[in-house]
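A short worksheet on the structure shown next.
Protein chains: 4
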Amino acid sequence: LGKTIKNNVDLIGWHEVSHVHFYRQLLVEFFGTLCLVVMGCNCITPYSSIQTDAGLDMSSIIMAWCFAVASLVWTIGHVSGCFLNPAISVAMFANRRIPFVRCVAYILVQVAGAICGSCFHTYLRGQAIGSTCQTLLHRSIGVDETKGFIVEFSISFFLLFFVFATIDHHREDHGGSHAFMVGGVIAVLVNFAAEMTGAGMNPARSFGPALIHGNWDAHWVYWLAPITGGCLGGLFYDVVFSERVVSWTRFL
Amino acid sequence: LGKTIKNNVDLIGWHEVSHVHFYRQLLVEFFGTLCLVVMGCNCITPYSSIQTDAGLDMSSIIMAWCFAVASLVWTIGHVSGCFLNPAISVAMFANRRIPFVRCVAYILVQVAGAICGSCFHTYLRGQAIGSTCQTLLHRSIGVDETKGFIVEFSISFFLLFFVFATIDHHREDHGGSHAFMVGGVIAVLVNFAAEMTGAGMNPARSFGPALIHGNWDAHWVYWLAPITGGCLGGLFYDVVFSERVVSWTRFL
Amino acid sequence: LGKTIKNNVDLIGWHEVSHVHFYRQLLVEFFGTLCLVVMGCNCITPYSSIQTDAGLDMSSIIMAWCFAVASLVWTIGHVSGCFLNPAISVAMFANRRIPFVRCVAYILVQVAGAICGSCFHTYLRGQAIGSTCQTLLHRSIGVDETKGFIVEFSISFFLLFFVFATIDHHREDHGGSHAFMVGGVIAVLVNFAAEMTGAGMNPARSFGPALIHGNWDAHWVYWLAPITGGCLGGLFYDVVFSERVVSWTRFL
Amino acid sequence: LGKTIKNNVDLIGWHEVSHVHFYRQLLVEFFGTLCLVVMGCNCITPYSSIQTDAGLDMSSIIMAWCFAVASLVWTIGHVSGCFLNPAISVAMFANRRIPFVRCVAYILVQVAGAICGSCFHTYLRGQAIGSTCQTLLHRSIGVDETKGFIVEFSISFFLLFFVFATIDHHREDHGGSHAFMVGGVIAVLVNFAAEMTGAGMNPARSFGPALIHGNWDAHWVYWLAPITGGCLGGLFYDVVFSERVVSWTRFL
Chain A
3 LGKTIKNNVD LIGWHEVSHV HFYRQLLVEF FGTLCLVVMG CNCITPYSSI QTDAGLDMSS
63 IIMAWCFAVA SLVWTIGHVS GCFLNPAISV AMFANRRIPF VRCVAYILVQ VAGAICGSCF
123 HTYLRGQAIG STCQTLLHRS IGVDETKGFI VEFSISFFLL FFVFATIDHH REDHGGSHAF
183 MVGGVIAVLV NFAAEMTGAG MNPARSFGPA LIHGNWDAHW VYWLAPITGG CLGGLFYDVV
243 FSERVVSWTR FL
Chain B
3 LGKTIKNNVD LIGWHEVSHV HFYRQLLVEF FGTLCLVVMG CNCITPYSSI QTDAGLDMSS
63 IIMAWCFAVA SLVWTIGHVS GCFLNPAISV AMFANRRIPF VRCVAYILVQ VAGAICGSCF
123 HTYLRGQAIG STCQTLLHRS IGVDETKGFI VEFSISFFLL FFVFATIDHH REDHGGSHAF
183 MVGGVIAVLV NFAAEMTGAG MNPARSFGPA LIHGNWDAHW VYWLAPITGG CLGGLFYDVV
243 FSERVVSWTR FL
Chain C
3 LGKTIKNNVD LIGWHEVSHV HFYRQLLVEF FGTLCLVVMG CNCITPYSSI QTDAGLDMSS
63 IIMAWCFAVA SLVWTIGHVS GCFLNPAISV AMFANRRIPF VRCVAYILVQ VAGAICGSCF
123 HTYLRGQAIG STCQTLLHRS IGVDETKGFI VEFSISFFLL FFVFATIDHH REDHGGSHAF
183 MVGGVIAVLV NFAAEMTGAG MNPARSFGPA LIHGNWDAHW VYWLAPITGG CLGGLFYDVV
243 FSERVVSWTR FL
Chain D
3 LGKTIKNNVD LIGWHEVSHV HFYRQLLVEF FGTLCLVVMG CNCITPYSSI QTDAGLDMSS
63 IIMAWCFAVA SLVWTIGHVS GCFLNPAISV AMFANRRIPF VRCVAYILVQ VAGAICGSCF
123 HTYLRGQAIG STCQTLLHRS IGVDETKGFI VEFSISFFLL FFVFATIDHH REDHGGSHAF
183 MVGGVIAVLV NFAAEMTGAG MNPARSFGPA LIHGNWDAHW VYWLAPITGG CLGGLFYDVV
243 FSERVVSWTR FL
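Chains A, B, C and D, in that order, give the protein sequences. Here my numbering runs 2 ahead of the position in the first sequence, where the first position is 1. Here my numbering runs 2 ahead of the position in the second sequence, where the first position is 1. Here my numbering runs 2 ahead of the position in the third sequence, where the first position is 1. Here my numbering runs 2 ahead of the position in the fourth sequence, where the first position is 1.
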């Protein structure tokens with residue numbers, strides 16, 4: 003994850019589009035988002051064929067998301083950074099980690115990947131089961147748009163706060179597998195938000211199933227909250243806690 | 003975790019308050035404790051909206067605590083040590099790892115963070131569900147104040163025993179992610195104590211919900227036991243098992 | 003895992019059969035596949051003696067597969083590469099990682115190990131319970147041979163895509179335990195496919211129980227799909243995303 | 003784990019008893035076995051106070067054992083090797099890793115630790131619940147003494163096979179936390195054997211609860227099988243797969 007993400011890149015980055023590598027990055031973001039949506043959506047649909055009770059098993063859901071993200075970061079992180087998420091793409095652009103052109107292209111292929119992933123999942127499991135994988139506000143327990151926005155904002159803030167700590171080149175206290183730790187933070191955030199908003203924190207992952215299954219209730223929340231929360235979370239880490247800032251100001 | 007924690011620091015450390023870094027440490031302890039309480043409390047409240055049976059799923063609870071602690075240590079450990087717990091703060095002071103002024107300031111912001119976290123959690127889930135996240139003695143299965151004290155003392159003893167092994171600068175057999183291993187020990191201790199005392203081992207995490215929801219039954223246990231257990235656990239490791247002591251005395 | 007797997011080996015490799023090491027590799031592939039089938043099969047049979055409801059617990063299943071694979075890679079990975087799977091053997095041969103003779107010999111001992119493992123499991127748990135560990139299409143929820151092929155193809159594609167990323171000698175962003183990460187990808191793929199096809203992705207693991215319990219329904223799927231998917235998954239990584247290719251073509 | 007365990011030590015090692023370090027090793031084996039038995043036993047007793055159904059949750063059980071062992075290896079592995087298990091002690095002696103005197107002393111303190119741990123657990127949870135933590139043959143599903151012996155032999159064989167791979171000084175492909183991986187293998191073996199024999203693989207852990215609660219049914223199995231299986235498992239790795247042997251004989 004760390005090696006690909008540089009500080010203070012070009013603002014526009016128009017020259018990148020003439021490189022083969024740019025299109026490999028788009029391919030991998032498309033493929034990765036597709037895999038993430040298929041695996042993530044399927045793990046939250048009931049195991050009707052092998053379990054007598056059709057309840058959800060939160061443990062297996064969070065392990066599935068954890069290892070899905072971890073294995074994708076492990077596999078393709080060296081090519082594109084493995085964002086798989088428009089909120090991360092925007093936060094990376096806003097904090098000068100990727101140029102504008104790449105940010106826009108990433109978002110487009112991420113959304114395309116999520117749509118294809120949702121189609122594939124619906125083909126496999128059928129329309130009825132497939133539709134349960136949408137991220138929706140659980141209004142029955144009192145989660146309205148305000149609370150939903152706050153929850154999605156918070157988890158995206160924390161996610162990007164964490165991601166920016168992970169890509170901090172100057173940290174030397176990070177042992178072990180970075181990929182697994184990114185999976186771990188996904189696990190706890192999914193656990194936190196699942197019963198309130200379905201734990202979107204990824205506009206592409208919310209948009210794909212919404213397009214296929216047609217439920218647009220409060221869909222704006224799943225775009226605006228992750229993007230604003232993500233940008234501020236990354237900024238918060240960068241400005242206050244990045245090792246570079248800490249080193250410079252430790253004895254101020 | 004390791005780099006920030008030094009041995010034999012100043013006893014009082016009054017000069018630290020004139021540094022910017024001191025206030026960054028307080029900010030991050032406040033923010034971290036807030037996040038920990040929100041995520042930890044929410045994972046132990048029933049998933050009424052997405053599960054038909056409202057029972058608790060111990061596996062998802064211990065994974066949530068594990069990854070919540072792990073991701074916070076990973077993210078902010080380099081700034082403040084990521085204690086998030088007055089019992090750790092006192093044990094660190096008692097074993098000469100942080101000065102007195104920092105210890106007191108940490109405790110204050112940790113308690114403030116826990117109170118804000120509990121408010122936030124109650125706002126999101128409502129008063130009735132929010133109140134289930136308190137740490138209380140489970141008197142129905144015979145856990146009185148004596149047993150409760152013993153349990154809380156034991157888990158805090160083990161927690162600090164483990165933490166002092168982790169910050170032992172002279173150990174060279176610790177591979178992988180220290181953050182994840184700290185999460186792992188939280189997981190097993192939560193599993194151990196959950197059905198007896200609610201697995202406090204953190205006075206701030208117990209105080210926040212108690213203040214918001216007003217149940218002070220045996221609250222002294224959740225302060226006295228973690229602090230005494232923690233100080234002794236850290237001391238036990240330092241005096242008998244720290245690599246420095248082991249190296250000096252191996253051939254005695 | 004990485005050290006044993008070299009690039010561009012001999013095509014036939016007939017000379018290997020005169021080395022003692024070749025037979026150690028066969029022994030360990032036999033033993034490993036036997037252990038994997040016994041542990042993997044037993045974790046998916048109901049805990050009738052210790053649980054009142056005999057339902058399956060997906061979380062414990064995926065953790066069992068994760069740690070079974072991880073501990074085998076950790077233990078014997080340095081001898082044979084720890085494939086334990088004819089689909090991996092063929093994909094490794096097809097992508098010039100092992101010679102032909104070794105590939106054929108691996109497949110034979112893997113199948114033999116799986117048969118012995120299935121016998122052992124059936125001896126321990128009885129014919130009735132033992133037979134539940136077969137990988138079969140869950141036709142009751144609409145998984146026919148086409149969908150079954152697609153699912154098995156997809157998970158084997160992803161598995162080998164992941165494995166080839168793991169054995170990429172030029173990647174330097176892979177911290178932590180490779181063995182555990184391989185276990186993790188098994189976990190998410192088992193979670194994904196369990197309720198559709200039983201998550202074969204390993205012809206030997208499917209063949210053993212089928213031979214012992216005699217249900218050959220759509221058995222060809224569990225051979226053809228993993229092998230084709232695996233070969234293409236490995237090829238996809240090698241040609242497009244391997245660090246060597248990425249480095250050469252980054253500025254093209 | 004690795005550093006403390008040397009090859010080809012003295013056979014008797016009588017001189018060790020005059021060193022302070024010897025008694026520190028005994029103290030830590032006592033303390034570690036006590037903690038392991040308390041935490042391990044408690045995680046397999048029903049959560050009657052916080053769950054409506056009193057069934058066992060295999061996922062939380064295996065995570066508890068995993069992290070209990072992992073955190074103990076992490077904390078005290080550098081002092082004594084963190085065996086906590088007479089079967090490991092005997093296997094280490096049989097394969098010339100520890101001298102005879104240390105082996106006997108370890109076994110005594112491990113058994114003493116397990117008895118104290120079982121007492122503590124029974125004090126906390128009461129006689130009725132405490133007695134459920136015994137390791138017994140589940141005769142109701144047909145596990146007689148022969149099958150029980152085979153199961154205990156197999157898991158102990160695999161455990162020591164794994165442990166000897168972990169302490170192989172010449173392996174260089176082991177990244178990440180060794181402590182966590184040892185916990186992981188415990189997890190899968192507990193999952194495998196829990197519903198047949200209660201997953202002893204540790205005579206001390208079986209003896210403590212048996213002494214306190216008085217059920218000695220087939221107790222010899224829990225001593226003889228782990229010790230014979232463990233010695234052979236360690237020997238199998240050492241003779242056939244250790245990196246030293248592999249290196250010497252690779253081109254034979």
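Glycine included, C-beta positions come from ideal geometry on N, C-alpha and C.
| said: I'd like to know whether the C-beta of residue 179/C is nearer than 8 Å to at least one C-beta of chain B. | reply: Indexing the third sequence from 1 puts residue 179/C at position 177. Answer yes: the Cβ-Cβ gap between residue 179/C and chain B drops below 8 Å somewhere.
| Mind pulling the chain C residues with CB within less than 9 Å of residue 132/A? | To locate residue 132/A, count along the first sequence from 1; it is residue 130. Ordered by position in chain C, no residue passes the 9 Å Cβ test against residue 132/A, which lies about 12 Å from the chain.
| said: Tell me the residue span of the alpha helix (DSSP H) that contains residue 125/D. | reply: Taking the fourth sequence and counting its residues from 1, the one referred to as residue 125/D is at position 123. Its alpha helix (DSSP H) spans residues 102 to 127.
| Nearest-angstrom Cβ-Cβ length linking residue 211/D and residue 136/D, presumed shorter than 8 Å | The sequence position of residue 211/D within the fourth sequence is 209, counting from 1. The sequence position of residue 136/D within the fourth sequence is 134, counting from 1. Confirmed, about 4 Å.
| query | Does the beta carbon of residue 155/B sit closer than 8 Å to a beta carbon anywhere in chain D? | reply | Along the second sequence, one-based indexing puts residue 155/B at 153. By this cut-off, residue 155/B is not an interface position.
| request: Output the boundary residues of the alpha helix (DSSP H) element that contains residue 158/A. | output: Residue numbering aside, residue 158/A sits at position 156 when the first sequence is read from its first letter. Residue 158/A -> alpha helix (DSSP H) spans 147 to 168.
| query | What is the DSSP secondary structure of residue 70/D, reduced to helix, strand or coil? | reply | Here the question's residue 70/D lines up with position 68 in the fourth sequence. Helix at residue 70/D.
| field | Supposed contact pair residue 89/C and residue 203/C - C-beta distance, whole angstroms, cut 8 Å | value | Within the third sequence, the letter at position 201 stands for residue 203/C. Within the third sequence, the letter at position 87 stands for residue 89/C. Right, their Cβ atoms sit about 7 Å apart.
| message | Can you find the residues in the same chain that come closer than 6 Å, C-beta to C-beta, to residue 55/B, ignoring five residues on each side of it along the sequence? | response | Within the second sequence, the letter at position 53 stands for residue 55/B. Residue placement at residue 55/B cannot be trusted, given a pLDDT of 49 that sits under 50; what the coordinates show is reported in the next sentence. Contacts found: none.
| Buried or exposed: where does residue 17/B fall if 16 or more other Cβ atoms within 10 Å of its Cβ makes it buried? | Position 15 of the second sequence, counting from 1, holds the residue named residue 17/B. Its Cβ having fewer than 16 others within 10 Å, residue 17/B is exposed.
| When the Cα of residue 115/B is compared with those of 154/B, 221/B, 214/B, which residue comes out closest? | Along the second sequence, read from residue 1 onward, the residue named residue 115/B stands at position 113. Of 154/B, 221/B, 214/B, the residue nearest in Cα terms is 214/B.
| query | Helix or strand or just coil, what does DSSP make of residue 79/C? | reply | For the purposes of this step, residue 79/C is taken as residue 77 along the third sequence, with counting starting at 1. DSSP places residue 79/C in helix when its eight states are reduced to three.
| message | Mapping the DSSP letters down to three states, classify residue 98/D as helix, strand or coil. | response | Taking the first residue of the fourth sequence as position 1, residue 98/D is located at position 96. Residue 98/D: coil per DSSP, three-state reduction.
| request: List the residues of chain B that residue 61/C touches, going by C-beta distances under 7 Å, in chain order. | output: Position 59 of the third sequence, counted from the start, is the residue given in the question as residue 61/C. Those within 7 Å of residue 61/C in chain B are 61.
| Hey, is residue 186/C's beta-carbon within less than 8 Å of any beta-carbon in chain A? | If you number the third sequence from 1, residue 186/C lands on position 184. Chain A contact via Cβ: present.
| Range covered by the alpha helix (DSSP H) that runs through residue 41/C | As a working mapping, residue 41/C is identified with position 39 in the third sequence. Residue 41/C -> alpha helix (DSSP H) spans 22 to 45.
| task | Kindly indicate if chain C contains any beta-carbon less than 8 Å away from that of residue 126/A. | result | Numbered from 1 along the first sequence, position 124 holds the residue referred to as residue 126/A. So, interface residue.
| task | Could you tell me which chain A residues have their CB closer than 8 Å to the CB of residue 79/B, listed as they occur along the chain? | result | Position 77 of the second sequence, counted from the start, is the residue given in the question as residue 79/B. Here the neighbours are 175.
| field | residue 44/C: contacting residues in chain D (beta-carbon distance under 9 Å) | value | Position 42 of the third sequence, counting from 1, holds the residue named residue 44/C. Correct list: 193, 194, 195, 197, 198.
| said: By the DSSP assignment, the alpha helix (DSSP H) with residue 233/B in it spans what residues? | reply: Working through the second sequence from its first residue, we reach residue 233/B at position 231. Start and end: 223 to 238.
| request: Assign residue 171/D to buried or exposed, taking buried as 16 or more other Cβ atoms, counted over all protein chains shown, within 10 Å of its Cβ. | output: On the fourth sequence, position 169 is the one that residue 171/D refers to. Exposed, because fewer than 16 other Cβ atoms sit within 10 Å of the Cβ of residue 171/D.
| request: Specify the secondary structure class of residue 85/D as computed by DSSP and reduced to three states. | output: As a working note, residue 85/D is residue 83 in the fourth sequence. Note: residue 85/D maps to coil in three-state DSSP.
| field | Expected contact under 8 Å - CB spacing of residue 193/D and residue 194/B to nearest Å | value | As a first step, residue 193/D is located in the fourth sequence; it is residue number 191 there, counting from the start. As a first step, residue 194/B is located in the second sequence; it is residue number 192 there, counting from the start. So it is not a contact: roughly 19 Å between Cβ atoms.
| Given residue 239/B, which residues of its chain have a CB within under 7 Å of its CB, disregarding the five upstream and five downstream residues? | As a working mapping, residue 239/B is identified with position 237 in the second sequence. Within the same chain, residue 239/B has close Cβ partners 163, 166, 167.
| With contact counted as at least three CB pairs below 8 Å, one residue from each stretch, are the region 90 to 103 of chain A and the region 91 to 102 of chain B in contact? | no
| query | Taking only beta-carbon atoms, is residue 22/C less than 8 Å away from chain D? | reply | Here residue 22/C refers to the residue found at position 20 of the third sequence. For residue 22/C, the answer is yes, since a Cβ of chain D falls inside 8 Å of its Cβ.
| message | Taking CB distances under 8 Å as the criterion, tell me whether residue 94/D reaches chain B. | response | For the purposes of this step, residue 94/D is identified with residue 92 of the fourth sequence, where counting begins at 1. Judged by the 8 Å Cβ criterion, residue 94/D is not in contact with chain B.
| residue 174/C, buried or exposed, once every other Cβ within 10 Å from all chains shown has been counted against 16 | Residue numbering aside, residue 174/C sits at position 172 when the third sequence is read from its first letter. Exposed: under 16 other Cβ atoms inside 10 Å.
| What span of residues does the alpha helix (DSSP H) with residue 215/C cover, start to end? | Along the third sequence, read from residue 1 onward, the residue named residue 215/C stands at position 213. 205 to 215 is the extent of the alpha helix (DSSP H) around residue 215/C.
| message | Quick check: the Cα distance between residue 251/A and residue 178/C, rounded to an integer number of angstroms? | response | Counting from one through the first sequence, the residue named residue 251/A turns up at place 249. Counting from one through the third sequence, the residue named residue 178/C turns up at place 176. Going from the Cα of residue 251/A to the Cα of residue 178/C covers about 31 Å.
| said: Just to confirm my understanding: we take residue 219/A, look at its own chain, exclude 5 residues before and 5 after, and list those with CB closer than 8 Å. What are they? | reply: In the first sequence, counting from the first residue as 1, residue 219/A sits at position 217. Closer than 8 Å at the Cβ level, and outside the excluded window around residue 219/A, lie 138, 139.
| field | Where residue 174/D falls: helix, strand or coil (DSSP) | value | Reading the fourth sequence from its first residue, position 172 is the one you call residue 174/D. Residue state, collapsed to three classes: coil.
| query | Are the CB atoms of residue 120/B and residue 105/B nearer to each other than 8 Å? | reply | Within the second sequence, residue 120/B is the residue found at index 118, counting from 1. Within the second sequence, residue 105/B is the residue found at index 103, counting from 1. Cβ distance not < 8 Å, so residue 120/B and residue 105/B don't count as in contact.
| task | Indicate whether at least one CB of chain C lies closer than 8 Å to the CB of residue 30/D. | result | Walking along the fourth sequence from the start, residue 30/D turns up at place 28. Chain C contact via Cβ: absent.
| query | Name the chain D residues whose beta carbon is nearer than 7 Å to that of residue 8/B? | reply | Locating residue 8/B in the second sequence gives position 6, where the first residue counts as 1. What residue 8/B touches in chain D: nothing, since even the nearest Cβ is about 21 Å away.
| field | Which of helix, strand or coil DSSP assigns to residue 247/D | value | Counted from its first residue, the fourth sequence places residue 247/D at position 245. The answer is helix: DSSP assigns residue 247/D an H, G or I state.
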